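Asker: Numbering (the working numbering), first residue to last: 11 to 147.
Structure incoming, see below.
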């Protein structure tokens, strides 16, 4: 870790494995993969450039996973499943195709058709950005 002062400007370099920590502490973030700088920018820029999607998580019993997949496909035809285990599924929903209110309506309606244990809709995190950059490098 080092710091540099020049004409009342201060900058410092820090290495972190926690993207939440980096987002709070840093104005600009660079992501290195295998020792090579892959991208740099402020957190908002990186999320905009590499995020571009919401993450929808839905937990049901395993026998209702197909209904969840159909529901998500109805919300966004370009949704992509990114995770599945024991009744919990995560999907990336492209922001340009999805209205948050429509997701809420669809999930509330789904709860009347089959048991939904839990669900959540989240914006792209820096952790998601890091994973995407690391996978594509």
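The beta carbon of each residue, even a glycine, is placed where N, CA and C say it ideally should be.
This one's a predicted model, so the numbers in the text were calculated from it and none came from an experiment.
1. Using the Cα positions of residue 26 and residue 40, report the straight-line distance between them to the nearest angstrom.
2. Report the rounded CA-to-CA distance for residue 121 versus residue 84, giving the unit in angstroms.
3. Kindly indicate which residue of 31, 58, 32, 96 has the alpha-carbon position closest to the one of residue 142.
4. Is the separation between the beta-carbon of residue 105 and that of residue 62 shorter than 7 angstroms?
5. Cα-Cα, which of 54, 123, 129, 93 is closest to residue 135?
6. If we call anything under 7 angstroms between Cβ atoms a contact, is residue 129 one with residue 43?
7. Between the Cα of residue 29 and those of 112, 51, 139, spot the shortest distance and give me the residue it belongs to.
8. For residue 147 and residue 109, I'd like the C-alpha separation in whole angstroms.
9. What residue ranges within the segment 88–138 form continuous beta strand (DSSP E) runs of no fewer than 3 residues, ordered along the chain?
10. Helix, strand or coil: how does DSSP classify residue 63 here?
11. From what residue to what residue does the alpha helix (DSSP H) around residue 84 run?
12. Can you say whether residue 101 is buried or exposed, counting buried as having 16 or more other CB atoms within 10 angstroms of its CB?
13. Using alpha carbons as the reference points, say which of 124, 116, 144, 145 lies closest to residue 66.
14. What residue range is occupied by the uninterrupted beta strand (DSSP E) comprising residue 49?
Answerer: On the basis of the supplied data:
1. On the chain shown, position 16 is the one that residue 26 refers to. On the chain shown, position 30 is the one that residue 40 refers to. Computed Cα separation, rounded: 11 angstroms.
2. As a position in the chain shown, residue 121 is number 111, starting the count at 1. As a position in the chain shown, residue 84 is number 74, starting the count at 1. Taking the straight line joining both Cα atoms gives about 15 angstroms.
3. As a working note, residue 142 is residue 132 in the chain shown. Nearest C-alpha to residue 142: 58.
4. Here residue 105 refers to the residue found at position 95 when the chain shown is read from its first residue. Here residue 62 refers to the residue found at position 52 when the chain shown is read from its first residue. Closer than 7 angstroms, so yes.
5. Locating residue 135 in the chain shown gives position 125, counting from the first residue. That would be 54, whose Cα lies nearest to the Cα of residue 135.
6. Reading the chain shown from its first residue, position 119 is the one you call residue 129. Reading the chain shown from its first residue, position 33 is the one you call residue 43. Cβ distance not < 7 angstroms, so residue 129 and residue 43 don't count as in contact.
7. In the chain shown, residue 29 corresponds to position 19, counting from 1. Comparing Cα-Cα distances from residue 29 to each of 112, 51, 139, the minimum goes to 139.
8. The count along the chain shown starts at 1 and reaches residue 147 at position 137. The count along the chain shown starts at 1 and reaches residue 109 at position 99. Going from the Cα of residue 147 to the Cα of residue 109 covers about 31 angstroms.
9. 90–95, 98–104, 126–133
10. Within the chain shown, the letter at position 53 stands for residue 63. Correct three-state label for residue 63: strand.
11. In the chain shown, counting from the first residue as 1, residue 84 sits at position 74. Taken as a continuous stretch (DSSP letters only), the alpha helix (DSSP H) holding residue 84 covers 75–85.
12. If you number the chain shown from 1, residue 101 lands on position 91. So residue 101 ends up on the buried side.
13. If you number the chain shown from 1, residue 66 lands on position 56. By alpha-carbon distance to residue 66, the top candidate from 124, 116, 144, 145 is 116.
14. Here residue 49 refers to the residue found at position 39 when the chain shown is read from its first residue. Run containing residue 49: 46–51, per the beta strand (DSSP E) assignment.
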